[in-house]
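The structure appears below as structure tokens.
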Amino acid sequence: PDAGRTETLSPLPVAELRKYEAVKKAHPDALVCFAQNGYFELYGKDAEKAAPLLGTKLLEKKVRGKPSIPVTGFRESAWVAGSHKLWKSGVDVFLSKDGETFKELKAADYIPVGATLNVDGIKCRIDAVDFCR
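Here UniProt numbering is used: position 65 in the sequence shown is 65, and no number is missing along the way.
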């Protein structure tokens, strides 16, 4: 049913690209997810790295007056699932919305299900995690 369907993306205004570049410069080692049109988008090398982790397509996004750039991402409403797919791969993830920090996940803070921790002499096993609370 989708055989003839093509995907179209809204062009990225140059002003928004500059905001993204400033965020990326401040967080060079993180996968930066930048809120645009209801999605958290990743651009360039971040998009190339994130697409297989997210199981999403790598598309091209037009930038007014500049060459197109690779893009992938996930809906803003799915930010918990999308960001955690990236985070559990062992990378820092930075979500930016309206020029502000929306969420920052550090790879060093990730504790996978099944891990055993020693907290104040008590051995604890992580059986489940609820990131929505």
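From the three backbone atoms N, C-alpha and C, an ideal C-beta is built for every residue, glycine too.
The beta-bridge partner set that DSSP reports for ARG75 consists of TYR39.
CA-to-CA, the gap between HIS84 and ASP109 works out to about 12 Å. Here the C-alpha atom of GLY99 lies approximately 42 Å from the C-alpha atom of GLY121. Around the beta-carbon of GLY55, fewer than 16 other beta-carbon atoms lie within 10 Å, marking it exposed. Assignment of ARG125 by DSSP, reduced to helix, strand and coil, places it in the strand class. In the DSSP assignment, VAL91 falls outside any beta strand (DSSP E) and carries neither an H nor an E. DSSP places VAL119 outside any alpha helix (DSSP H); the residue lies instead in the beta strand (DSSP E), whose first and last residues are 116-119. Counting along the chain, the unbroken beta strand (DSSP E) around LYS61 starts and ends at 59-63. The beta-bridge partner set that DSSP reports for SER10 is empty.
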